[in-house]
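To keep things clear, I will list the structure first and then write my remarks on it.
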Amino acid sequence: MAARVRIMSFRKRFGCMMLALAVLVVVSVGGAFAQSADPAPAEVSAQEDAEAAPPEDNAPAYPAGLDDPTLEIEELRLRLLPLTVDQLTELAAAWQGIVAGQTQAVVDESLALERLPTQEQEAARARVVALTETRNAGFDRFSEVVSNLARKGGDPATVETYRAYRSSIVVQEKQEADWRTLAEGALSWAVARDGGVQLAIRIAVIGGAIFALLLVARIVRGYARRMFGKLPNLSKLLQAFLATIVYWLTIAVGLMVVLSSLGVDITPLFALFGGGAFILAFAMQETLSNLAAGVMIMINRPFDEGDYVDVAGLGGTVKNVSIVSTQIVTPDNQIIVIPNSKVWGDVITNVTASDTRRVDMVFGIGYGDSIQEAQAVLEEVVSGHPLVLKDPAPVIRVNELADSAVNFIVRPWTKTTDYWAVYWDLQRAVKEAFDAKDISIPFPQTDMHLYMAPKSLPAAVDGLPLARQTSTGRGPGRDDPGPDDAAEPAPAAG
């Protein structure tokens, strides 16, 4: 019994100890949860401040100061460079609100102007002009933001909406304004630093840049010609063509640099050039054909400047070859311009391509003259001319027994530059030498022999022709009359 009482007492004490331990654990865990759930006083204060502050979404996404109407446009242009599309979109909306308010001020002042008496309208009109200038400055900054948004891939519809908004206000405002307000506005714009003065400065800069650009392009072209002239395989025509390409490329690149430095967006120009080239390819097929032919002429070099050529049925000295035409000068100083397509598509004869030329001449003597004597005279005259080359040797031969003469071919060689001098000198010298040796130079002639039929002939032969034509030449022909016929008297004329 005593043992059972001790056991029960032990159980009660053990149960009390376990209960006390459980209560201690619960209290410890509850305190930990309470500490994690309840913020510290500093945290509570920070949270309250955060809740009291405006939401972060209401703050502008772009840097502060970019929507300031007094901000210089040059500074604005630089500060817009790092902005993203989202920032530019929000900034454009902000500037639209700014110019809308400025436009409203212009409208209110314009309406007030109409209700004022005449003596007070001048001052009110000056206020309208001043407000309009301020608004136009805002439009300039608004346009700069919209242009940046378009270049960085902003929504095209949004960009077009902003630009249409500006254009509609400016156009309609000009239509509604009276002429005095327009005149004062134009005068005020002309003397404004960011208006007419800036435009005049830009025009002066562009003019000076173009002048300097042309000067630089000429210098580059001259340098390119000297460089191309050192290449032995390039003709003068191709050298001039390549130098011209360098000249225009220098001008094109320089113009793009000048326009870019003035803030002009040259990106649309490339699309414009591409579309224009596509249209011109169809509209100027003949010109493109001449261009291709000009390139082929310059590459293949069938002739060069200063050469005497026969092309397209015309002969003359080549004066100039452009990308579309060839210009030649005839011996009588006529200037003829031939399209390159006709030049390249026809037979080209380059008369002066070689250093030497053969002078082809024909001299005739009578059938009664001595061939050996004429041969000796011709050889003496040709060999005695100082401009005739010894090598190749001249060719002098009997070539043809013609109707009226025995023809010699005389073919000496000379330098190309002396061709006509040799030709003219030998023509005269041979004539004088033949005259000195009594050698005749015959010419074509026709002998007519008339016969009168005797009256005693039978009537059957009365219808025979009374005249017949003999052969030409100096000697008798097959149909020439014999000695008996020649002795017959010729009938009287008539």
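When the letters of the sequence shown are read in order and numbered with mature numbering (1 follows the signal peptide of the UniProt record, and there is no 0), they come out as residues -34 to -1, 1 to 460. Positions of the beta carbon are idealized from the N, C-alpha and C atoms, including for glycine.
{"Item": "Alpha carbon of Val328 to alpha carbon of Arg363, nearest angstrom", "Value": "10 Å"}
{"Item": "Euclidean distance between Cα positions of Pro20 and Arg91", "Value": "Note on Pro20: pLDDT 47, under 50, position unreliable in the model; no value is reported."}
{"Item": "Segment contact, 8 Å Cβ cut-off, at least three pairs: the segment 341 to 354 with the segment 297 to 305", "Value": "no"}
{"Item": "Separation of Gly174 from Leu49, as counted between CA atoms", "Value": "34 Å"}
{"Item": "CB of Trp61 within 8 Å of CB of Arg129, strictly", "Value": "no"}
{"Item": "Identity of the residue in Gly330, Asp357 and Ala259 nearest Gln393 by Cα", "Value": "Gly330"}
{"Item": "Length-filtered (4 minimum) alpha helix (DSSP H) runs lying within the segment 241 to 307", "Value": "251 to 266"}
{"Item": "Glu139 classed as buried or exposed, judged by whether at least 16 other C-beta atoms fall within 10 angstroms", "Value": "buried"}
{"Item": "Helix, strand or coil at Lys202 [DSSP, three-state]", "Value": "helix"}
{"Item": "Residues sharing a beta bridge with Lys381, DSSP", "Value": "Thr322"}
{"Item": "Contacting residues, own chain, Cβ-Cβ under 8 Å from Asp52 (five flanking each side not counted)", "Value": "Ala27"}
{"Item": "The segment 376 to 387 in contact with the segment 308 to 327 per 3-pair CB rule at 8 Å", "Value": "yes"}
{"Item": "Straight-line Cα distance separating Ile375 from Lys397", "Value": "15 Å"}
{"Item": "Environment of Asn256 [buried if 16+ CB atoms lie within 10 Å]", "Value": "buried"}
{"Item": "Residues bridged to Leu367 (per DSSP)", "Value": "Val372"}
{"Item": "Span of the alpha helix (DSSP H) around residue 466", "Value": "Because the chain in this structure spans residues -34 to 460, residue 466 falls outside the shown range and cannot be described."}
{"Item": "contact_flag[the segment 269 to 281, the segment 216 to 235] where n(CB pairs < 8 Å) is 3 or more", "Value": "no"}
{"Item": "Rounded straight-line distance, which links the Cα of Phe177 to that of Pro29", "Value": "42 Å"}
{"Item": "Endpoints, the beta strand (DSSP E) within which Val328 is located", "Value": "Met327 to Ile331"}
{"Item": "Per-residue DSSP class, three states only, for Thr98", "Value": "helix"}
{"Item": "Candidates Arg117, Pro305, Ile245 and Gln164: closest to Ile232 by CA position", "Value": "Arg117"}
{"Item": "Reduced DSSP category for Ser11 - H, G, I as helix; E, B as strand; rest coil", "Value": "No answer about Ser11 holds up, because its pLDDT of 45 lies below 50 and its placement is not dependable."}
{"Item": "Leu203 and Met264 closer than 8 Å at C-beta", "Value": "yes"}
{"Item": "Counted within 10 angstroms of its Cβ, other Cβ atoms place Ala(-13) as buried (16 or more) or exposed", "Value": "Below a pLDDT of 50, predicted positions are generally treated as unreliable, and Ala(-13), at 46, falls in that range; no measurement from the model is reported."}
{"Item": "Backbone CA spacing between Arg184 and Glu40 [nearest angstrom]", "Value": "34 Å"}
{"Item": "Of the listed residues Thr36, Glu366, Leu367 and His351, nearest to Pro360 (C-alpha basis)", "Value": "His351"}
{"Item": "As assigned by DSSP and simplified to three states, the class of Ile405", "Value": "coil"}
{"Item": "Terminal residues of the beta strand (DSSP E) in which Thr315 lies", "Value": "Ile314 to Asn316"}
{"Item": "Nearest to Asn306 (by Cα), restricted to the options Asp335, Gly242 and Pro268", "Value": "Pro268"}
{"Item": "Glu346 - containing alpha helix (DSSP H), residue span", "Value": "Ile337 to Ser349"}
{"Item": "According to DSSP, residues forming a beta bridge with Val361", "Value": "Arg377"}
{"Item": "Distance CB(Ala94)-CB(Leu79) smaller than 8 Å", "Value": "One detail in the question is off: residue 94 reads as Val in this sequence, not Ala. Yes, they are a contact pair."}
{"Item": "Integer Cβ distance of Val111 from Leu46, believed to fall under 8 Å", "Value": "7 Å"}
{"Item": "Given Val212 as reference, the closest of Val277, Leu228, Arg192 and Ala58 once Cα atoms are compared", "Value": "Arg192"}
{"Item": "Secondary structure of Val(-9), DSSP reduced to three states", "Value": "Only weak support exists for where Val(-9) lies, its pLDDT of 40 falling under 50; the coordinates are left without a value."}
{"Item": "Inter-residue Cα distance where the pair is Ile64 and Gln164", "Value": "24 Å"}
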